[in-house]
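Enquirer: In the working numbering, the protein residues as written are 5 to 585.
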Amino acid sequence: MTLTASPSPHHDTDTTPSAAPRPATATSTEADSERNRMGRWITVWHSLRPLLLKVIDVTGLTFARPIVNLCYGDHPRKQLAEIGRLIVIPVAAFAVFLMLWNAAAPHHKTKSGEVPTPGVVWEAARSVWTFHCRESDKERAFLATGETREQWLTDVQHRLETLVPYEAASRHNVERTTAEHQAQLAERMRQLQEERQELASRFAGEAADRDQKLRQLASNIIPRDVTSAEAYLRAVRDNQARVDEERDQLRKMDSDIATERDRKSPPLEAARRTLTLIAEEKQYLTAMADQLSSSNRQVRLDSEVSRLRGSQVELLSGGTSEHLALATTITQSESRIHALSTATYAKPWTLPMQIVRSVACVFVGFVMGSVLAIPVGVMCGLSRTFMAAVTPFITLFKPVSPIVWLPIALIIVGGFIPDPDRHWLIRALANLPLVGWMKVNPAFIASAITVALCSLWATMANTALGVASVDKDHLNVARVLRLGLWSRLYKIIIPSALPLIFAGLRISLGVGWMVLIAGELLSSSEGIGKFVWDQFNNGASDSFAKMIVVVFVVGVIGLLLDRIMIVMQRLASFERDASAV
């Protein structure tokens, strides 16, 4: 073994301390570890591609396929072209639609004012959501207790104090902007009125000259002379046409004056909007302070308990003549305490709450219709005789409008539930945790029945077609295996017919969602339809915009419901490459 002597401390070399050189084996080990780690990441990355493509195929989100392929470097030019066709062009088309809408809306006048622009609709959507959030805050404030309530109350009062100078400054800004706008408007009106008077005076002078000429022509008419009479008639016609033209010009001038008088000032509208927002927040904070103090459930409960204890002490120490009155007071206090202990905030219906209720209603109706349509469709597919018996009913009832079904459903449900407040079903639903707040009533049930009656036909027809289209070889195998009716039904017929059944369910759900809005509108059942009807009758400045918000909400929810049914259809289908519509 060769030993290497350690260097002498007195060796004539540079003794400056330096880092010890890293061993070559350690460096190579770390490099191999890094390469292995990168290799594992690359393997995971490439293994994700089939899973992502399968998810895209099942969900029908075909526009995402070229994005995934591009991320994996598969024919980049082709994938970019697909991205442009499936994503860029639709987005550009929607952007063009918004620009055209924004340009055309202010030029169309209605009884409810101008058609709202996309910006106004967006502000209306924010207003709807803000109202929902604030009402939810009030509900939490009503139920708050202890230190949480006190902290919230302190924060609300501090915010109210900070709003005072902002409100004063905003009010002053509105007054100043209003004065400037009125001064500008008065000057503009003066100019237009002078122009109108000048134009009317000129027309009056020209009309007097024309009348003088007509009188002269009338005096020159030769008796029984056709030429002079026709010349006079032409002059009269020309004079009448000129009078009509002058009248139209004056009317146009009056219209311009009215338009100028009604023209809105952007600075004034912005100042008023700011003041309105501050006033709305002040009103909200004032209501929050009330819910956290005098109207708070715990505060009222503590006050009532204190009053009850005082009455009990008086009852024990009072005279005989006071016993009845004190006992009555104690009984009433106990009743109020029991009511307060279970009291809830009287939260008004908001659009998000109505959306959830509408979705629940359409789901109930969809389930009811499916429970009826699928068994009938299976029997129709299995038996031509049964199909012949059911066909007249399908032909007769399928075209009936939901507007006809709804009153009939309301009458029938009203017969079963004459007193909703005392009926066992309504009371049982009111006590359910996730359903009680929806306040299910006969109108809700009638709307669900209407959805079922209008949406079951597509499911029934597709189920019958799917059952009748089962491969005969499968049925022959079942006979050879001597499978019973129920075994054939659950092992062969229904699995083979599932793709068409889900296709029918998808159509039925779309029909039910469209029918529901009209049903809620007519039955006054709390939901999206009633929200639209309330806004139509409201007449507020933002009612039109809120109705357009509902248009987009209904469309988005319908799209989501359709996507859910597409996923379920493809999970039950053997043909994965079917394109989603």
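The beta-carbon is built from N, C-alpha and C at its ideal position, and this holds for glycine as well.
For the pair the region 388 to 403 and the region 562 to 578, tell me if three or more CB-CB distances fall below 8 Å.
Expert: The region 388 to 403 is not in contact with the region 562 to 578.
Enquirer: Could you name the residues of the same chain whose beta carbon sits closer than 7 Å to that of V519, not counting the 5 residues immediately before and after it, in chain order?
Expert: Only P406, T454, V455, C458 and S459 meet the Cβ criterion.
Enquirer: Kindly identify the DSSP beta-bridge partner or partners of G117.
Expert: According to DSSP, which records beta bridges pairwise, G117 is partnered with T114.
Enquirer: Where are the alpha helix (DSSP H) runs, 4 residues long or more, that stay fully inside the region 25 to 70, in chain order?
Expert: Complete alpha helix (DSSP H) runs here, min 4: 28 to 63.
Enquirer: Please list the segments of the alpha helix (DSSP H) lying wholly inside the region 271 to 358, counting only runs of 4 or more residues, in order along the chain.
Expert: Here the runs fully enclosed are 301 to 321 and 327 to 345.
Enquirer: Nearest to G385 by alpha carbon, out of L493, F207 and D260?
Expert: Ranking L493, F207 and D260 by Cα distance to G385 puts L493 first.
Enquirer: Work out the CA separation of W490 and W461 for me, nearest whole Å.
Expert: If I take the Cα positions, the gap works out to 25 Å.
Enquirer: Kindly give me the distance between the Cβ atoms of A1 and R311, rounded to whole angstroms, as I take these residues to be in contact under 8 Å.
Expert: In this structure the chain extends from 5 to 585, so residue 1 is not present and cannot be described.
Enquirer: In this structure, does DSSP put Y494 in helix, strand or coil?
Expert: Looking at Y494 - three-state DSSP - the assignment turns out to be helix.
Enquirer: Rounded to the nearest angstrom, what separates R241 and V247 at their Cα positions?
Expert: So the alpha carbons of these two residues sit roughly 10 Å apart.
Enquirer: If you draw a straight line from the alpha carbon of R361 to that of V125, how long is it in whole angstroms?
Expert: Answer to the nearest angstrom: the Cα atoms are 23 Å apart.
Enquirer: What did DSSP end up calling S528 once you bin it into helix, strand or coil?
Expert: Coil.
Enquirer: According to DSSP, is T149 helix, strand or coil?
Expert: Coil, per DSSP.
Enquirer: Please work out which residues of its chain come closer than 8 Å, Cβ to Cβ, to S264, disregarding the five sequence neighbours upstream and downstream, and give them in chain order.
Expert: Reading off the sequence shown, one finds Glu at residue 264, where the question assumed Ser. The residues are L189, R192, M193 and L196.
Enquirer: State yes or no: is the C-beta of L525 within less than 8 Å of the C-beta of W517?
Expert: Contact flag unset, no.
Enquirer: Among the residues of its own chain, which have a CB less than 8 Å from the CB of L575, if the five just before and after it don't count?
Expert: Hits under 8 Å: V62.
Enquirer: Taking contact to mean at least 3 C-beta pairs separated by less than 8 Å, is the region 467 to 478 in contact with the region 435 to 449?
Expert: No: fewer than three Cβ pairs fall under 8 Å.
Enquirer: Does DSSP put V360 in a helix, in a strand, or in coil?
Expert: Note: V360 maps to helix in three-state DSSP.
Enquirer: Sorted by chain position, which residues of the same chain lie with C-beta nearer than 6 Å to A129's C-beta, five sequence neighbours on each side aside?
Expert: Closer than 6 Å at Cβ, skipping near neighbours: V553.
Enquirer: Could you tell me the distance, in whole angstroms, from the CA atom of E250 to the CA atom of F207?
Expert: Computed Cα separation, rounded: 7 Å.
Enquirer: Skipping 5 residues on each side, what residues in its chain have a beta carbon closer than 7 Å to that of N106?
Expert: Once the five neighbours on either side are set aside, the close Cβ partners of N106 are T121 and P122.
Enquirer: G488 to S51, Cα distance in whole Å?
Expert: Between G488 and S51, the C-alpha separation is close to 44 Å.
Enquirer: In terms of alpha-carbon separation, which member of L167, N224, P352 and Q244 lies closest to S530?
Expert: Checking the sequence, you will find Glu at residue 530 rather than Ser. If we check each option's Cα against that of E530, P352 comes out closest.
Enquirer: Smallest Cα separation from I341: which of S298, R304 and V394?
Expert: Looking at the Cα atoms, R304 is the closest of the given residues.
Enquirer: Using a Cβ-Cβ cutoff of less than 7 Å, which residues in the same chain neighbour R276 once the five nearest sequence positions on both sides are dropped?
Expert: Excluding positions up to five away in sequence, the list reads V178.
Enquirer: At least one CB of chain B closer than 8 Å to the CB of N106: is that the case?
Expert: Looking at the structure shown, chain B is missing, and only one protein chain is on hand.
Enquirer: Excluding the 5 residues flanking W441 on each side, which residues of the same chain have their C-beta closer than 7 Å to its C-beta?
Expert: There are no such residues.
Enquirer: Quick one: residues in its chain with C-beta nearer than 7 Å to the C-beta of F135, no 5 flanking neighbours on either side, listed in chain order?
Expert: Excluding residues within five positions, the ones whose Cβ falls inside 7 Å are T354.
Enquirer: Tell me, to the nearest whole angstrom, how far the beta carbon of L272 is from that of T181; I am working on the premise that it is less than 8 Å.
Expert: About 5 Å; that satisfies the 8 Å criterion.
Enquirer: Could you name the residues of the same chain whose beta carbon sits closer than 7 Å to that of D546, not counting the 5 residues immediately before and after it, in chain order?
Expert: Correct list, in chain order: A128 and S131.
Enquirer: If we require 4 or more residues per run, which alpha helix (DSSP H) segments fall completely within the region 201 to 280?
Expert: Listed in chain order, they are 230 to 266.
Enquirer: Once you ignore the five residues that flank L279 on each side, which residues in its own chain have a CB closer than 7 Å to its CB?
Expert: Cβ within range, chain order: S174, R175 and V178.
Enquirer: Quick check: the Cα distance between K550 and Q539, rounded to an integer number of angstroms?
Expert: Roughly 7 Å between the two C-alpha positions.
Enquirer: Are the beta-carbon atoms belonging to I282 and L167 less than 8 Å from one another?
Expert: It is a contact, given that the beta carbons lie within the stated cut-off.
Enquirer: With burial defined as no fewer than 16 other Cβ atoms inside 10 Å of the residue's Cβ, what is the status of R388: buried or exposed?
Expert: Exposed.
Enquirer: Hey, out of A468, V72, F370 and I498, whose CA is closest to I511's CA?
Expert: That would be F370, whose Cα lies nearest to the Cα of I511.
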